[in-house]
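Single-structure report; data block below.
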């Protein structure tokens, strides 16, 4: 696979190769190492626009076993694009991160349900990777991105509000479906910010988010609810 082949935006083979990578990854629970190695190299000089839908599709499947690499080689360059990107680009990035987070939570819940001993959970991970810690770090990172929305946009548009609410609703849905909970988010500032706007307070997902965000006790990440 030629890494440099992807820097020829006018050639059809670029998108077709990405299509192959996406189809190949979809056959597995996660991206395979070769795909992730390419993705890390590609993102180091990515402009945020070229093949963006394909890039985000691959990012959303990044493996938990490479969590440290994900934060360093994937989320760092994506964060720079988030900070300086358009509203549409920020929405796309938050949607991508929501899918990545959902993917990691699904894998962790499956591993926890598959065996009670922590050793059985971490068996498929690098020695230094703890899946619960990785999920918590990703959640905190996404929550911090959301907390920047007021800085960028002041009064949030319906588009980005929907993306933000979908992220938190994904966490609430996870709790309802699995009885595992992820918490200590949203930050109090995020809840206060969202509560100012009628289009948040009056929507079903927004009202549930604000109620839970203000009233729920802090629970440990991915810990069984009692």
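In our numbering, the protein residues as written are 27 to 252. The beta carbon of each residue, even a glycine, is placed where N, CA and C say it ideally should be.
Query raised in the report: If you check the beta carbons only, do residue 204 and residue 113 fall under 8 Å apart?
Result: Position 178 of the chain shown holds residue 204. Position 87 of the chain shown holds residue 113. No.
Query raised in the report: Does the stretch 100 to 114 touch the stretch 70 to 81, meaning 3 or more C-beta pairs lie closer than 8 Å?
Result: yes
Report task. Consult DSSP for residue 71 and reduce its assignment to one of helix, strand or coil. Result -> The residue labelled residue 71 in the question sits at position 45 within the chain shown. Of the three classes helix, strand and coil, the one that applies to residue 71 here is coil, per DSSP.
Query raised in the report: Quick one: what does DSSP say residue 82 is sitting in, helix, strand or coil?
Result: As a first step, residue 82 is located in the chain shown; it is residue number 56 there, counting from the start. DSSP places residue 82 in helix when its eight states are reduced to three.
Query - Helix, strand or coil at residue 156 according to DSSP, with G and I counted as helix - result: If you number the chain shown from 1, residue 156 lands on position 130. Coil, per DSSP.
Query raised in the report: If you run the structure through DSSP and keep just helix, strand and coil, what is residue 135?
Result: Working through the chain shown from its first residue, we reach residue 135 at position 109. In the structure shown, residue 135 sits in a helix (DSSP, three-state: H, G or I).
**Report entry** Rounded straight-line distance, which links the Cα of residue 86 to that of residue 132
**Finding:** Stepping through the chain shown from its first residue, residue 132 is reached at position 106. Stepping through the chain shown from its first residue, residue 86 is reached at position 60. Each residue's alpha carbon lies about 13 Å from the other.
Query raised in the report: If you draw a straight line from the C-alpha of residue 202 to the C-alpha of residue 137, how long is it?
Result: Here residue 202 refers to the residue found at position 176 when the chain shown is read from its first residue. Here residue 137 refers to the residue found at position 111 when the chain shown is read from its first residue. Approximately 18 Å, taken between the alpha carbons.
**Report entry** Which listed residue (93, 57, 95 and 45) has its alpha carbon closest to that of residue 80
**Finding:** The sequence position of residue 80 within the chain shown is 54, counting from 1. Checking every option, the nearest Cα to that of residue 80 belongs to 45.
Report task. Look up residue 181 in the DSSP assignment and say whether it is helix, strand or coil. Result -> Counting from one through the chain shown, the residue named residue 181 turns up at place 155. The answer is coil: DSSP assigns residue 181 none of H, G, I, E or B.
Query raised in the report: Hey, residue 124 and residue 57: beta-carbon distance below 8 Å or not?
Result: As a working note, residue 124 is residue 98 in the chain shown. As a working note, residue 57 is residue 31 in the chain shown. Taking 8 Å as the Cβ cut-off, residue 124 and residue 57 do not qualify as a contacting pair.
Query - Limits of the unbroken alpha helix (DSSP H) element including residue 104 - result: Your numbering for residue 104 matches position 78 in the chain shown. Unbroken alpha helix (DSSP H) run through residue 104: 102 to 110.
Requested in this report: Could you say which of 98, 76 and 89 lies nearest to residue 61 if we only look at CA atoms?
Outcome: Taking the chain shown and counting its residues from 1, one reaches residue 61 at position 35. If we check each option's Cα against that of residue 61, 89 comes out closest.
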